[in-house]
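In order, the protein sequence lines correspond to chains F and U.
Position 101, counted from 1, in the first sequence is what full-length UniProt numbering calls 101; the numbers after and before it change by one each time, with no gaps.
Position 130, counted from 1, in the second sequence is what full-length UniProt numbering calls 130; the numbers after and before it change by one each time, with no gaps.
Every residue gets a Cβ at the ideal spot worked out from N, C-alpha and C, and that includes glycine.
Computed from a predicted structure; not experimentally measured.
Beneath this line is the structure, given in structure tokens, with notes to follow.
Protein chains: 2
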Amino acid sequence: MKSTASTSEKILDTAQSLIVAGGYNGFSYADISAAIGIRKASIHHHFPTKAELVSVLVDRYRQQAEAGLNSLREQFSSPAEQLRSYVNFWQTCIRDASLPFCVCAMLACEMQMLPEEVASRVRAHFNSLAQWLASVLKTGAEQGVFRLDKPPEQEAQMLMAAVHGAMLSARAFNDPGLFSAIVTPQATRLLAPAR
Amino acid sequence: MKSTASTSEKILDTAQSLIVAGGYNGFSYADISAAIGIRKASIHHHFPTKAELVSVLVDRYRQQAEAGLNSLREQFSSPAEQLRSYVNFWQTCIRDASLPFCVCAMLACEMQMLPEEVASRVRAHFNSLAQWLASVLKTGAEQGVFRLDKPPEQEAQMLMAAVHGAMLSARAFNDPGLFSAIVTPQATRLLAPAR
DNA sequence: TGAAATCTACCTACTAGTAGGAAGGTAAAA
DNA sequence: TTTTACCTTCCTACTAGTAGGTAGATTTCA
Numbered sequence: 001m002k003s004t005a006s007t008s009e010k011i012l013d014t015a016q017s018l019i020v021a022g023g024y025n026g027f028s029y030a031d032i033s034a035a036i037g038i039r040k041a042s043i044h045h046h047f048p049t050k051a052e053l054v055s056v057l058v059d060r061y062r063q064q065a066e067a068g069l070n071s072l073r074e075q076f077s078s079p080a081e082q083l084r085s086y087v088n089f090w091q092t093c094i095r096d097a098s099l100p101f102c103v104c105a106m107l108a109c110e111m112q113m114l115p116e117e118v119a120s121r122v123r124a125h126f127n128s129l130a131q132w133l134a135s136v137l138k139t140g141a142e143q144g145v146f147r148l149d150k151p152p153e154q155e156a157q158m159l160m161a162a163v164h165g166a167m168l169s170a171r172a173f174n175d176p177g178l179f180s181a182i183v184t185p186q187a188t189r190l191l192a193p194a195r
Numbered sequence: 001m002k003s004t005a006s007t008s009e010k011i012l013d014t015a016q017s018l019i020v021a022g023g024y025n026g027f028s029y030a031d032i033s034a035a036i037g038i039r040k041a042s043i044h045h046h047f048p049t050k051a052e053l054v055s056v057l058v059d060r061y062r063q064q065a066e067a068g069l070n071s072l073r074e075q076f077s078s079p080a081e082q083l084r085s086y087v088n089f090w091q092t093c094i095r096d097a098s099l100p101f102c103v104c105a106m107l108a109c110e111m112q113m114l115p116e117e118v119a120s121r122v123r124a125h126f127n128s129l130a131q132w133l134a135s136v137l138k139t140g141a142e143q144g145v146f147r148l149d150k151p152p153e154q155e156a157q158m159l160m161a162a163v164h165g166a167m168l169s170a171r172a173f174n175d176p177g178l179f180s181a182i183v184t185p186q187a188t189r190l191l192a193p194a195r
């Protein structure tokens, strides 16, 4: 990719893929150190504590996600296409194993024992995603593109849960195709019958 | 409760609630030791390695789950009631925090770095649950109780993912009620219109 | 020159796991 | 009946290795 990446970005990138693989307790400064060829103490220079490192990482992740989701809204005029391309994003990530699991879904599993500063940031991402989905669904319903059985906020929660559950199943069964087999029908179900 | 629980059962019970809280890497022999008032070395006597301990634990969990699910099929004649009482089981577990997360869903998150002997057992539970759900849905469809848009195996995967995703959201938002807000509509959707 | 980045070297606490033995029960041979 | 043997359970005391984190010297670079 790029050699332009700063050390702290390399640290965050490495930490992120380690978290995606094994969660908060599944990686150490030594792992990062080995991966990018730097001493452990140098990582502490950039991120004094593990909680701080992961806090910054989750903040960055949420910002990237928000930027990506908002750009989908600009790129596609139809809420149906916005939703479809969101699902498609994860389908691709899982299929090519570039990001086989959502960082925040992973961390949410461990919620009970995360440092509070990390836990609150994970919650912030969940809120942000739920809000985006709800607003896409609401707009779609107003345009007659979607037919919602429940309020958009609740349908958004249902969809988000389907996405996370599908990630989990794809991982458990080691079958990337399972993701879209689960999510696509859930998304399609929302489409109003053709006019 | 019971004082009849053997030491090894106490070890398994404690390990299970620690895994539910923090996953495979989220607990240690020292934690169990402190919780049940026994020395670390004594735990190694019962379970020589951590991988072995968790393997036995997951086997036991799957057996208990299979027994519970099969007893639901005997207890309730209607597939609709069988499904409803399965969902109700988790709703109760989450609401009273007795088992706020599925052991195997937790472990499935960490799949990538689980010892193979544990990973295969987690997969076995997922298979077992998917099979039970598929057969309940299939029977219900044959009886005209359910109307399935997809083959029962696929609908079972969709339902299972909804349950796991809902657990995750309930935990992330620290809102037990969110579980049934997500799962109940998904289960209700399958019911055929009244005859 | 001065600040940022990285290093060596270290610390304390904890990790899974081991060695070896004491206490108690069971069972069978003397 | 006693003695010998064995088994299970739990213990103290230990190992080698890893965890997150720190102090302080050295390098790099604007």
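Where residue i falls, given that 16 or more other Cβ within 10 Å makes a residue buried
i                 : result
Ser-71 (chain U)  : exposed
Ser-3 (chain U)   : For Ser-3 (chain U), the predicted model reports a pLDDT of 43, less than 50, meaning its position is unreliable and no value from the coordinates is stated.
Gln-64 (chain U)  : exposed
His-164 (chain F) : buried
Glu-155 (chain U) : buried
Arg-39 (chain F)  : exposed
Thr-14 (chain U)  : buried
Ala-162 (chain U) : buried
Gly-37 (chain F)  : exposed
Ser-55 (chain F)  : buried
Ala-166 (chain U) : buried
Whole-angstrom distance between residue j and residue i, CA atom to CA atom
i                 : j                 : result
Phe-146 (chain F) : Pro-151 (chain U) : 24 Å
Ser-85 (chain F)  : Glu-74 (chain U)  : 44 Å
Ala-67 (chain F)  : Trp-132 (chain F) : 11 Å
Ala-130 (chain U) : Ser-42 (chain F)  : 47 Å
Lys-10 (chain F)  : Ser-33 (chain F)  : 11 Å
Cys-109 (chain U) : Ala-172 (chain F) : 8 Å
Phe-47 (chain F)  : Met-111 (chain U) : 28 Å
Val-58 (chain U)  : Leu-107 (chain U) : 9 Å
Met-113 (chain F) : Arg-123 (chain F) : 14 Å
Asp-31 (chain U)  : Thr-184 (chain F) : 42 Å
Leu-53 (chain F)  : Gln-16 (chain F)  : 10 Å
Glu-117 (chain F) : Arg-60 (chain F)  : 14 Å
Thr-188 (chain F) : Asn-88 (chain F)  : 13 Å
Ala-5 (chain F)   : Phe-27 (chain U)  : 35 Å
Met-1 (chain U)   : Glu-81 (chain F)  : Caution applies to Met-1 (chain U), whose pLDDT of 34 falls short of 50 and renders its modelled position unreliable; the value that the coordinates give is listed next. Going by the C-alpha atoms only, they are around 55 Å apart.
Leu-18 (chain U)  : Ala-97 (chain F)  : 30 Å
Leu-178 (chain F) : Leu-168 (chain F) : 10 Å
Pro-115 (chain U) : Asn-25 (chain U)  : 11 Å
Asn-174 (chain U) : Gly-22 (chain U)  : 15 Å
Gln-186 (chain U) : Ile-182 (chain F) : 13 Å
Interface flag, residue i vs chain F, CB-CB below 8 Å
i                 : result
Ile-182 (chain U) : yes
Pro-193 (chain U) : no
Lys-150 (chain U) : yes
Gly-177 (chain U) : no
Tyr-29 (chain U)  : no
Leu-168 (chain U) : yes
Glu-66 (chain U)  : no
Phe-47 (chain U)  : no
Min CB distance residue i to chain U below 8 Å
i                 : result
Val-118 (chain F) : no
Phe-89 (chain F)  : no
Arg-123 (chain F) : yes
Ala-34 (chain F)  : no
Arg-171 (chain F) : yes
Ala-105 (chain F) : yes
Beta bridge counterpart(s) of residue i as assigned by DSSP
i                 : result
Leu-191 (chain U) : U:Phe-146
Same chain, Cβ closer than 6 Å to residue i, neighbours up to 5 away in sequence not counted
i                 : result
Pro-176 (chain F) : Ile-94, Arg-95 and Ala-170
Ser-180 (chain U) : Gln-91
Leu-69 (chain F)  : Trp-132
Chain-order list of residues whose beta-carbon lies under 8 Å from that of residue i (same chain, five-residue window excluded)
i                 : result
Leu-137 (chain U) : Pro-79, Leu-83, Phe-146, Leu-148, Pro-152, Glu-155, Ala-156, Leu-159 and Leu-190
Tyr-29 (chain F)  : Lys-40, Ile-43, His-44 and Lys-50
Phe-126 (chain U) : Cys-104, Ala-108 and Met-160
Ser-135 (chain F) : Pro-152
Thr-7 (chain F)   : Ile-36, Ile-38, Ser-42 and His-46
Arg-62 (chain U)  : Cys-104, Arg-121, Ala-124, His-125 and Ser-128
Leu-12 (chain F)  : Leu-53, Val-56, Leu-57 and Arg-60
Chain-order list of residues whose beta-carbon lies under 7 Å from that of residue i (same chain, five-residue window excluded)
i                 : result
Ser-120 (chain F) : none
Val-20 (chain U)  : Leu-99, Pro-100, Phe-101, Val-103 and Met-106
Gly-140 (chain U) : Pro-79, Ala-80 and Phe-146
Phe-76 (chain U)  : Gln-82 and Ser-85
Cβ-heavy atom distance, residue i to the ligand GTP, below 7 Å
i                : result
Leu-83 (chain U) : As for the ligand GTP, it is missing from this structure, which has no ligand bound.
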